[in-house]
Every structure is written in structure tokens, then in C-alpha cells.
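Chains as they are written, first to last, in UniProt numbering: chain A, 1 to 142; chain B, 1 to 142. Report on the following structure.
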DNA sequence: CGAAATCCTTTCCGGGTGAAAGCAGAAATG
DNA sequence: CATTTCTGCTTTCACCCGGAAAGGATTTCG
């Protein structure tokens, strides 16, 4: 819970740029009654503390033909399977996110593919390493 | 698979800005042998097509004291529970992501909390609506 | 009280962004 | 084949943003 020197103002700034990282410092400053430069200094601090890890975009897989959004929990069948599975998942372009987990399963991952066929093929490959449980995303609410 | 007018160059640009949305158009242009303005026009097109939905940052929940990253599948006990559950999840600050799913469960969500106590309290509230399965994130690999 | 630290504002400069105009190559048409 | 049209890139330009530096207000501590 090392809270570094983060205060309420930093939180508010962080929320604003999570929402839209292209807000100018000046615009954010107007919301919180500061100059843009002061906001810039705080954002720089958030970067240096690595609370902000990087800048990216929200993009729409469906509009690129990735119509299937699968949330997959993986149960490896043997301890030896880990390195191979990791290599597989890291290198596979359909895997958008991968976590080691405890609780249900060994890994959890997010996969985007374009159709059922591609999903089936992916799951076939996955069977090499162990078992899985799949949920298909039907719409993001938040 | 409505591919709009997206070509290989657009894909490359998109990958670059998913990686780092603060790359200047000029820098991207150097990688793909174009001027910054041409890159800017393509990015504008990606925004207008809503392939790029918005700009945001990658941030580190742990450094803000949100030490627990829970991946939760929710099984609602009754059809009547949906509206209330949705309201609960949408309004609860710990819920970072929420999807309707088919397959395992009714909903899938990502939750950040600071400790086990907070998680337990959250799960208690969740029990009002139905059942759940929890996995705890132990490290992101991708 | 005086010094140091912190954090803000003011000022200024380099550079990025987006608009507009112009140009080149490809495709369509007579 | 010549002409027109369209598309997408480059050039130019004006504006604004972001970061650095310097200065000022407030708090902390000996």
C-alpha cells in the first residue's frame, strides 16, 4: 500500500487521463484550478513513479474483423507444460492478454479471433497443454 | 469482417500506437517511409471509423495500493437479478471492467481491491445477486 | 528569525498537429 | 491514345502543446 506522495489531486488527474489521455494539461488544469504546467509536473511524477506505465489507445477488435472475444481459463495438465504454454501464448497473435492466476485454473487469457473456426483451431492447439474453460464476450458494459 | 478501407499500412500504424500512443506522427512516418502528415491522416481515418475508440494510459493498480487483481465470473441466480446486478457493478468503484458473457456464467468482471478484507466484502455483496468464481491475478505475462 | 524545501506560476522555445493547397499516379471514359 | 477524375501523398503554414528554467508563495525545522 506504499502510497508514495500521491494526493487527491493526483488521483483526479489520473482519472482524467485514463478517460482521455489526450486532454491537454491546460484543459485538465481548468478542471482542477491549476496551470497546465503544474498538471504537467504531476503527470511527469506519475510517470516517474511508474503509476502511469505507458500511453495507448482503446481500439475495436470487431471493426477489424475480430468478432469473437473469448475469455479463457487454462488448466495445465502438467507442471512441465508451463514453459511451452507460455511460449505458445506469448507468441500467438490472437492472445491479447495473459495472466498467471491462482484459484480457478493456472492462467487466464483474453483472445480475439475472427470466427468460430479460428476459435476452434485455437482451442485445439490449447489442448496440447491442458484443459480450459471458455466464456464468450457478448458485450462490454464497463 | 467488414474491412472498411484498412490496408497493411493502417495495421502497422495501429500496432505502433497501441504500443505507444505518444509516438509522433513523424516518428511513425520514419518507420513506414511516409511524412508525418500522411500518418496523421490515416490515424484520423482510424478514429473516424471508430477503430480507434479513444486514448488512454496503462496504469499500475498495485502502486496505488490496489494489490489484489480479481477475475470474477458471475452466475446470476435469477433473471430478475440482472438490472440490480448491473447497477451494482457499474457503480462500484472496484469494478474495472464488465462483460456480458455466454458460456461459463452470465458476466465476467475484473476487480481491483486493496486487500483480502476488501475482496471479502465485495464478494459478500456479490452474493446478493448470485454465485461466482474467482481467480486472483498473480502476474501479467502479456 | 532565517534557511531549506515544496509546489505553484510565469515566461519562453522547440516541435507536434491539423488544415489547405498542390502534385503525382492509377483508373475510368470517350 | 488523350483526357478526366479520383485518391493519397507531400509541402507549407499557423496555432497550440509540452517541458525547461526562473521566480514567488507557503510551510517546515533548527
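Ideal placement from N, C-alpha and C gives every residue a C-beta, glycine not left out.
Quiz item: Taking the C-alpha atoms as reference points, what is the distance between residue 103 (chain B) and residue 61 (chain A)?
Solution: Within the second chain, residue 103 (chain B) is the residue found at index 103, counting from 1. Within the first chain, residue 61 (chain A) is the residue found at index 61, counting from 1. So the two alpha carbons sit approximately 20 Å from each other.
Quiz item: Got a sec, what are the start and stop residues for the alpha helix (DSSP H) residue 19 (chain B) sits in?
Solution: As a working mapping, residue 19 (chain B) is identified with position 19 in the second chain. Residue range 8 to 19 is occupied by the alpha helix (DSSP H) that includes residue 19 (chain B).
Quiz item: My guess is that residue 112 (chain B) and residue 66 (chain B) are in contact by the Cβ rule of under 8 Å, so how many angstroms apart are they, rounded?
Solution: One-based indexing of the second chain puts residue 112 (chain B) at position 112. One-based indexing of the second chain puts residue 66 (chain B) at position 66. With a Cβ gap of about 4 Å, residue 112 (chain B) and residue 66 (chain B) count as contacting.
Exercise. List the whole-angstrom C-beta distance separating residue 57 (chain B) from residue 55 (chain A), where the pair is believed to meet the contact cut-off of C-beta under 8 Å.
Key: In the second chain, the residue the question calls residue 57 (chain B) occupies position 57. In the first chain, the residue the question calls residue 55 (chain A) occupies position 55. Indeed, because the Cβ distance is near 6 Å, the residues count as touching under 8 Å.
Exercise. Would you kindly report the start and end of the unbroken beta strand (DSSP E) that includes residue 71 (chain A)?
Key: One-based indexing of the first chain puts residue 71 (chain A) at position 71. It spans 68 to 76 - the beta strand (DSSP E) in which residue 71 (chain A) sits, taken as one unbroken run.
Quiz item: Quick one, are the C-beta atoms of residue 52 (chain A) and residue 59 (chain B) less than 7 Å apart?
Solution: Working through the first chain from its first residue, we reach residue 52 (chain A) at position 52. Working through the second chain from its first residue, we reach residue 59 (chain B) at position 59. The criterion of a C-beta distance shorter than 7 Å is satisfied by residue 52 (chain A) and residue 59 (chain B).
Quiz item: Three-state secondary structure (DSSP) at residue 152 (chain A)?
Solution: Outside the modelled stretch of chain A, which goes from 1 to 142, sits residue 152 (chain A), for which no answer is possible.
Exercise. Enumerate in chain order the residues of its own chain whose CB-to-CB distance from residue 78 (chain B) is below 8 Å, with the five nearest sequence positions on each side excluded.
Key: Counting from one through the second chain, the residue named residue 78 (chain B) turns up at place 78. The answer, listed in chain order, is 130.
Quiz item: Between the C-alpha atoms of residue 139 (chain A) and residue 30 (chain B), what's the straight-line distance to the nearest angstrom?
Solution: Residue mapping note: residue 139 (chain A) aligns to position 139 of the first chain, counting from 1. Residue mapping note: residue 30 (chain B) aligns to position 30 of the second chain, counting from 1. Rounded to whole angstroms, residue 139 (chain A) to residue 30 (chain B) spans 38 Å at the Cα level.
Self-check item: Backbone secondary structure at residue 49 (chain A) - three-state DSSP
Solution: Along the first chain, read from residue 1 onward, the residue named residue 49 (chain A) stands at position 49. DSSP places residue 49 (chain A) in coil when its eight states are reduced to three.
Quiz item: According to DSSP, is residue 99 (chain B) helix, strand or coil?
Solution: Here residue 99 (chain B) is taken as the residue at index 99 of the second chain, counted from 1. If DSSP states are grouped into helix, strand and coil, residue 99 (chain B) belongs with the strands.
Quiz item: Just how far apart, CA to CA, sit residue 83 (chain A) and residue 91 (chain A)?
Solution: On the first chain, position 83 is the one that residue 83 (chain A) refers to. On the first chain, position 91 is the one that residue 91 (chain A) refers to. CA-to-CA, the gap between residue 83 (chain A) and residue 91 (chain A) works out to about 12 Å.
Quiz item: Which residues, in chain order, does the stretch 94 to 110 of chain A contribute to contact with chain B at a C-beta distance below 7 Å?
Solution: 95, 97, 98, 99, 100, 101, 102, 103, 104, 105, 108
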